Each structure stands twice: as C-alpha cells, then as structure tokens.
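One structure is given below, encoded as structure tokens.
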Amino acid sequence: MKAKAVLVVSSASLGLAVLFLFGASISVYGWEPTRPVEFIIMAGQGGGADKYARLISGLADKHNLAPVPLVPINKVGGAGAVAMQYVQGKKGDDQTIMITLSSFVMTPIAQQLPFNYKDFTPISLLALDNFFLWVHRDIPWKSVADFVKTAKKRSTKVGGTGSKQEDELIFTFFEQRAGLKPVSYVPFKGGGTVAANLVGKHIEASVNNPSEGLPHYPSKLRALATFAESRHTESKEFKNLPTMKELGYNIQYQMMRGIFGPPDMPKAAQKYYAALMKKVYDLKEFQDFLQKNILDAKYLKGDDFAEWVERYNDLHVEVMTKAGWAKAVARLTK
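Each residue of the sequence shown is one higher than the one before, counting from 3 in our numbering.
Encoded structure:
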C-alpha cells in the first residue's frame, strides 16, 4: 500500500510538471496557433518555393514543433502578385504565413502594385539560393573573362526562367556592371527547360540555380562562376568555383528564401513563428537539404531581417530602373 501511494503521488507530480512545462512553453512567446496555419506559396507546385515550404511543413510535423500543422497552399499568378494580394488582405491575422522569393520585391516594382514588402510582417530568412553562370562545354569559354570578351563585342544569346524575373535581372545586372552588349534573352517556363536548351546549344549561356545544372554537369555543361558572396567550400563539385566579385566584377545576387506574415501581425505571433523557423533551420535534415542543393544557410529574424530586405529591395530598384522595368520608384522606396 505504501509503495502504491508513493506511485500515485509521483504520477500526480509528473502530471503537474507536464502542465507546468506546457504552460511555460506558451508563456515564452505569449501565443501559439490554435488552428491549422495557412502556409502560402507564391509559386506553383514543384518549384523551389513549393519544395522548401513543403519541406518546412513536413519537418515541423515530423518533429512536433508546432501544435497545429502548417498547410502548404499554392497561390499562383501574376509573378507572385496573387499570393501577395491574398496575404496583404489578411491584415492582423496570426494564422497565415508566406514563403517568399525574389519576386516578393520585384513584382511590386515591375507591376506598380498598391503595396510592397514594407506592408508585410518580416518573420525570418532561412536561406539564400544561388545562381551560376553556365555555358556548354563545347563552347570555348573557359572563364568569365572569355565570356565577357565576347559579350563586349556582340550580343550573346542567353536563356532563363520567365521574363523580367530573377534570371533576366542577373543578366541585366551583369550588362550594367561589366559593360556588356545587351544580351538576347530567351525566356523559358522553368529551370529544367533552360538547362535542356543550353545542353542542346539553342542558347549560349544561362544563370541557372546549381540544382538545375547539376544533372548535366560536367558531361555537357560548365560552370564559370557563382554570383554568391563567397565560394561554396562545402560543395564537393563546386568548392573551387570562383565568385564574380573575386574575379573583379562587382556583381552579387542570391534569391531569398524568407517567411513573412500579413500586415500588422501581432508581435507575439511574429516571435512565435520566428522561433519555430529557427527550430526547423537547426534540424540536420534541413541543413543537409541546403547543402545538397547548394543553398547558403542564413538565418535572420524580425528587425534584422527587415533591414536586410530593405537593402535587397534597393538593389532591385536600382537595377530594374536602369533597365526600364520600374516606374514610380519613389513610392516603392518609401
């Protein structure tokens, strides 16, 4: 009887401890979601943003990081405008988040939308996706200098995903900073198609993401340089690939993979989601995914992330304005 009484008391104490810990976990943030969270994806299924959102959702569920599921929802159209308009219309909502890419800043500039990045709540940056300058192995360009020498004499035929999106922006940036002849840009529906056309020699160069060129490397394609800030030293294939900057070209560009909330999201919710994303970010599975796909791991939250996005936006305003893609820039930079 005595042993049984001790067991009963111990169980009760354990129950109280569990309740205390549960209460403490809530008090840290002052809030947590109470129903499935809408995880808005501003692109179609199968693309980079879609893959990252579903990875984050799956890892959060697998490791029980949130009391409710993060439900991926694709909102396609208008180069991200449809998704942005949807989230922008949910002012003050704390059960909706959105994964973003470069079009998050580019689309409001190009389309003169009545809102921009400052109208959303910055939660966290998780990674930076990279771009390489790719050419066919049969083309006698062994270096960026070789490419530039030709591109200063004549217009080169290049390809990328979409029109007036990241790939074309990088080539435009390259033109402006290196003094190249205007390129003849051919838009395609996706990175895989771009790589296939480069393999087929229908274009002379591309700025695909590493993962898009890897299936054809090194048998068909050659990477000349990365537009990242530093070399990809952890990559077996590309650890010796030079950066554009170290080659003397003041060009750096990476695509953000960030998380934002609706306008005026409550501070407690903003902090909760930032902490949740940090837990996902710290998982080995997430870091392995980034390394395999040659993304740069980078975590920022709140005000630090907001300041980073402001600089990111300013870069796009500069390049897009010079290219004639942007109007009413004064409003967009306020």
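A virtual CB, placed ideally from N, CA and C, is assigned to each residue, including glycine. Here the structure is a predicted model, which means the values were calculated and not measured.
According to DSSP, which residues form a beta bridge with Y187? V160
Straight-line Cα distance separating R139 from L216: 13 Å
Same chain only: Cβ atoms within 8 Å of E52, ignoring 5 sequence neighbours per side: This sequence places Asp at residue 52; Glu is not what is there. Hits under 8 Å: I43, A45, G46, P74, N76.
Counting C-beta neighbours from all protein chains within 10 Å, is the total for S29 16 or more, i.e. buried, or is it exposed? With a pLDDT of 39 at S29, under the threshold of 50, the predicted position of this residue should be treated as unreliable, though the coordinate-derived value follows. With fewer than 16 other Cβ atoms within 10 Å, it is exposed.
For the putative contact between N210 and A197, defined by C-beta atoms under 8 Å, what is the C-beta separation to the nearest angstrom? 6 Å
What are the residues that DSSP puts in a beta bridge with V39? L72
For K151, which residues from the same chain have a beta carbon less than 6 Å from its beta carbon, with the 5 sequence-adjacent residues on both sides left out? none
Could you tell me the distance, in whole angstroms, from the CA atom of H65 to the CA atom of Y283? 12 Å
V78 - DSSP class collapsed to helix/strand/coil: coil
Any idea which residues DSSP pairs F337 with across the strands? Because residue 337 is not part of the residues shown, which for the chain are 3 to 336, the question remains open.
Thinking C-beta only, is A328 closer than 9 Å to I111? yes
Quick check for students: name the residue ranges of the beta strand (DSSP E) that lie wholly in the segment 216 to 301, counting only runs of 3 or more. 223 to 228, 257 to 263
Where does D306 land, buried or exposed, given buried means 16+ other C-beta within 10 angstroms? exposed
In the DSSP assignment, what residue or residues form a beta bridge with D131? M257
If you draw a straight line from the alpha carbon of R224 to that of A270, how long is it in whole angstroms? 48 Å
Alpha carbons only, please: which of I141, R259, E231, V107 is nearest the one belonging to K247? E231
Could you tell me which residues DSSP puts in a beta bridge with W136? S208, A225
Per DSSP, which residues does K303 bridge with? Please list them. S126
Just to confirm, is the Cβ distance from A62 to P71 under 9 Å? yes
Tell me, to the nearest whole angstrom, how far the beta carbon of S213 is from that of V160; I am working on the premise that it is less than 8 Å. Contact doesn't hold; Cβ gap of about 19 Å is too wide.
Run the CB neighbour count on N252, radius 10 Å, all protein chains shown included, and call it buried at 16 or more, exposed below. exposed
Take the Cβ of G260 as the centre, count every other Cβ of all protein chains shown within 10 Å, and call the residue buried at 16 or more, exposed below. buried
Would you say Q337 and V321 are within 9 Å of each other, going by their C-beta atoms? Because residue 337 is not part of the residues shown, which for the chain are 3 to 336, the question remains open.
Could you check how far apart the C-beta atoms of G82 and S105 are, in whole angstroms? I think they sit under 8 Å. 4 Å
Residues in the same chain with beta-carbon distance under 8 Å from T245, minus the five sequence neighbours each way, listed in chain order, please. A227, T228, F229, A230, E231, S232, R233, Q254
Write down the C-beta distance between Q263 and I125 rounded to the nearest angstrom, noting that I regard them as a contact closer than 8 Å. Here residue 263 turns out to be Gly, not Gln, going by the sequence shown. Yes, G263 and I125 are in contact; Cβ-Cβ is about 6 Å, under 8 Å.
Please decide whether D95 counts as near chain D, where near means a Cβ-Cβ distance under 9 Å. You won't find chain D in this structure, because it holds only one protein chain.
Can you tell which of D316, D96, P220, A55 has its C-alpha closest to the C-alpha of E239? P220
Should K316 go down as buried or exposed, given a rule of 16 or more other Cβ atoms within 10 Å for buried? Reading the sequence as shown, one finds Asp at residue 316 and not Lys. When all chains shown are included, D316 counts as exposed.
Alpha helix (DSSP H) segment containing I172, residue limits: 168 to 180
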